[in-house]
Amino acid sequence: MHALRQAAGRLLSATLLAAGLAATAQAQINVGQTAGHSGTVAASVKELTQGARLYFDIVNASGGINGQKVNLVSLDDKFDPAIAATNARALIDQGVIALFLNRGTPHTQALMPLLTEHKIPLVAPSTGAVALHKPVHPWLFNVRATYQREAERAIEHLSLIGMDRIAIVQVSDSFGEDAVQGAIAGLAKTNKQAVAHEKYDRTKPDFAPMVPRLLAKQPQAVLFIGSGTAVVQGMQAVRAAGSTAQLVTLSNNASAGFIKDLGPLAYGVIVSQVFPYERSIAKPIIKEALEAAKKGGVELTPIVVEGYVSAKVLVEGLKRAGKQPTRQSLRDALEGMGRFDLGGIEVGYGPKEHSGLDYVDLAIVDQSGKFRR
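Residues -27 to -1, 1 to 346 (mature numbering (1 follows the signal peptide of the UniProt record, and there is no 0)) are what the sequence shown spells out, left to right.
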């Protein structure tokens, strides 16, 4: 009888432990991220993720969402689209409520079939490809503006300051092919054509043969459409060849890590922006992010702001998705959000609109290695 009571006690303890673990699991909302935490975009992915975690920490410290804390589960895809898809499947199988803040255009395209198959939202992919905006994907919710708009704005600015001889260097992938359409549109608006247009391989960039061809056209400005270390290498090659052309790139390189990798060559580089100036405390969202960054010991850069704002959008969706949010209720909550003030900037969604923000600006790197507008 004693042995039976002991066995029953052990069974009860095991049952209680299992129930406790289940309760713990239910006490948090798991969100999945696959991104290049190592590889060519690691520096910017680090800052992007830091920004998101800053906001999640604030939410969790105040009790979470209906008592449930937000837990970001991050996997490294080494900036490889195939690994990104594998990671996404693993995260989906683990039961995450949403995929969030992945990085890269071909990488996002690799995830898109999984969204429909598993009926899971992807919120705030860190890419501005038009293909993610049009046609509207029912499970994909963008936050940032398109690369095409960024590239067009950059070309318009160069024209306004009297630069007529503009060259383009782009990565040869879906990101590059998408973003360059904005540059071409900007050139057409100002009655210009690129004096040179070169492409490089994303996995094995080699700028040595193209730089002489590029500089033979004597460009006044060179727009680099690419990511991370590859763009750094391209800009270094242009400067090493003796060119003083204005160097320009897009917001996916708006990180402190990018500036650090460029070193002294960063001074004067123009980088497009898709969020308000990170020192503009007149915007409540920036003041809020600055305070969070200071408390978290993080430098507020444009890409940290992107992560922070993206997390705020996701959390707002979760708050509206019910006490026990599901993938479907989160999708429906985001799509039904309409116009929502994030703190001086408005995000907007609806059945025919999943684009989020349409903010574009430009910044230049100053002598101290900071973005200035």
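We put the beta carbon where it would ideally sit given N, CA and C, even for glycine.
Supposed close pair residue i, residue j - CB separation, criterion 8 Å
i	j	result
residue 39	residue 1	11 Å between Cβ atoms; not a contact.
residue 116	residue 286	5 Å
residue 332	residue 249	7 Å
residue 96	residue 325	Contact flag wrong, Cβ pair sits at about 18 Å.
residue 230	residue 20	6 Å
residue 199	residue 337	Rounded, the Cβ-Cβ distance is 19 Å, inconsistent with contact.
residue 257	residue 311	Not quite, the Cβ-Cβ distance comes to about 19 Å (not below 8 Å), so this is no contact.
residue 375	residue 50	It is not possible to answer for residue 375, since the shown part of the chain is limited to -27 through 346.
residue 186	residue 203	Actually they do not touch by this definition, with Cβ atoms about 18 Å apart.
residue 194	residue 218	6 Å
residue 83	residue 148	With a Cβ gap of about 12 Å, residue 83 and residue 148 do not count as contacting.
residue 58	residue 87	7 Å
residue 342	residue 232	5 Å
residue 266	residue 272	7 Å
residue 216	residue 127	Not quite, the Cβ-Cβ distance comes to about 18 Å (not below 8 Å), so this is no contact.
residue 76	residue 14	6 Å
Residue span of the alpha helix (DSSP H) that contains residue i, given as start and end
i	result
residue 130	120 to 133
residue 230	229 to 235
residue 91	78 to 91
residue 58	54 to 67
residue 305	300 to 308
residue 323	Looking at the DSSP string, residue 323 is not in any alpha helix (DSSP H); the run it does join, the beta strand (DSSP E), is 319 to 323.
residue 22	15 to 34
Assigned exposure category for residue i - 16 Cβ within 10 Å defines buried
i	result
residue 213	exposed
residue 18	buried
residue 160	buried
residue 224	buried
residue 346	exposed
residue -7	Residue placement at residue -7 cannot be trusted, given a pLDDT of 36 that sits under 50; what the coordinates show is reported in the next sentence. Label assigned to residue -7: exposed.
residue 137	exposed
residue 181	exposed
residue 329	buried
residue 339	exposed
residue 344	buried
residue 283	buried
residue 299	exposed
residue 164	exposed
residue 124	buried
residue 237	exposed
residue 99	buried
residue 314	exposed
residue -4	Summary for residue -4: the model assigns pLDDT 42, below 50, so the residue's position carries little reliability; its value from the coordinates is reported in the next sentence. Exposed: under 16 other Cβ atoms inside 10 Å.
residue 167	buried
residue 93	buried
residue -11	Confidence is the limiting factor: at residue -11 the pLDDT is only 33, short of 50, which leaves the residue's position unreliable, though a coordinate-based value still follows. That one is exposed.
residue 189	exposed
residue 228	buried
residue 270	exposed
residue 70	buried
Residue range of the beta strand (DSSP E) that includes residue i
i	result
residue 313	311 to 314
residue 246	243 to 246
residue 3	1 to 8
residue 337	334 to 338
residue 329	326 to 329
residue 221	219 to 222
residue 42	42 to 49
residue 72	71 to 73
C-beta neighbour in chain C for residue i, strict 8 Å
i	result
residue 290	Among the chains in the structure shown there is no chain C, since it carries only a single protein chain.
Quiz item: What runs of the beta strand (DSSP E), each 3 residues or longer, lie entirely inside the region 145 to 210?
Solution: Considered as a whole, the region 145 to 210 harbours 169 to 173, 194 to 198 as its complete beta strand (DSSP E) runs of no fewer than 3 residues, in chain order.
Quiz item: Are at least three pairs of beta-carbons, each pair with one atom in the region 54 to 66 and one in the region 117 to 134, less than 8 Å apart?
Solution: Taking one beta carbon from each stretch, the region 54 to 66 and the region 117 to 134 have fewer than 3 pairs nearer than 8 Å; the two do not touch.
Quiz item: What residue ranges within the region 264 to 297 form continuous beta strand (DSSP E) runs of no fewer than 3 residues, ordered along the chain?
Solution: Correct list: empty.
Exercise. Check whether the region 159 to 178 touches the region 195 to 208, counting contact only when three or more Cβ pairs, one atom from each stretch, lie closer than 8 Å.
Key: By the Cβ rule, the region 159 to 178 counts as touching the region 195 to 208, because three or more pairs are nearer than 8 Å.
Self-check item: Contact between the region 267 to 280 and the region 23 to 41 (3+ Cβ pairs under 8 Å)
Solution: Result yes; three or more Cβ-Cβ pairs closer than 8 Å.
Practice problem: Decide yes or no for the touch test of the region 146 to 156 against the region 182 to 193: beta carbon pairs closer than 8 Å, at least 3 of them. | Solution: No: the two stretches stay apart, fewer than three of their Cβ pairs being nearer than 8 Å.
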